[in-house]
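Residue numbers (our numbering): 15 to 116.
Note that the Cβ used here is the ideal one computed from N, Cα and C, for glycine as well.
Below you can see the structure in the form of structure tokens.
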């Protein structure tokens, strides 16, 4: 009986997909925390024009590796603190020497 429940749990874990988002680091002033700006384009429901919407998420960066301007991937997980439920997955592209966050 326990063998079937273990295999069912393993299958359920594989079915759960972690949400992964990509964005730009806009702040690294906090210890082990980065603020990532996620931008998306959506179509206005009435006028049909495409508008940019953005979300700022706090993510856990345990080694303090990210700098402002880096392009990163973050994944959703359990809450680390009151506002942090995302963690750094990987740094896609490091910021250039003269790159800015804006």
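Item, Value
"Best match in 31, 30, 36 and 32 for proximity to residue 107 [C-alpha to C-alpha]", "36"
"Span of the beta strand (DSSP E) around residue 107", "98-107"
"Rounded straight-line distance, which links the Cα of residue 43 to that of residue 82", "9 Å"
"Per-residue DSSP class, three states only, for residue 63", "coil"
"Nearest-angstrom Cβ-Cβ length linking residue 74 and residue 41, presumed shorter than 8 Å", "Not quite, the Cβ-Cβ distance comes to about 14 Å (not below 8 Å), so this is no contact."
"Where residue 72 falls, given that 16 or more other Cβ within 10 Å makes a residue buried", "buried"
"Rounded C-alpha distance that separates residue 30 from residue 93", "17 Å"
"Within 8 Å, strictly: CB atoms of residue 89 and residue 33", "yes"
"Outcome for residue 63 when other beta-carbon atoms lying within 10 angstroms are tallied against a minimum of 16", "exposed"
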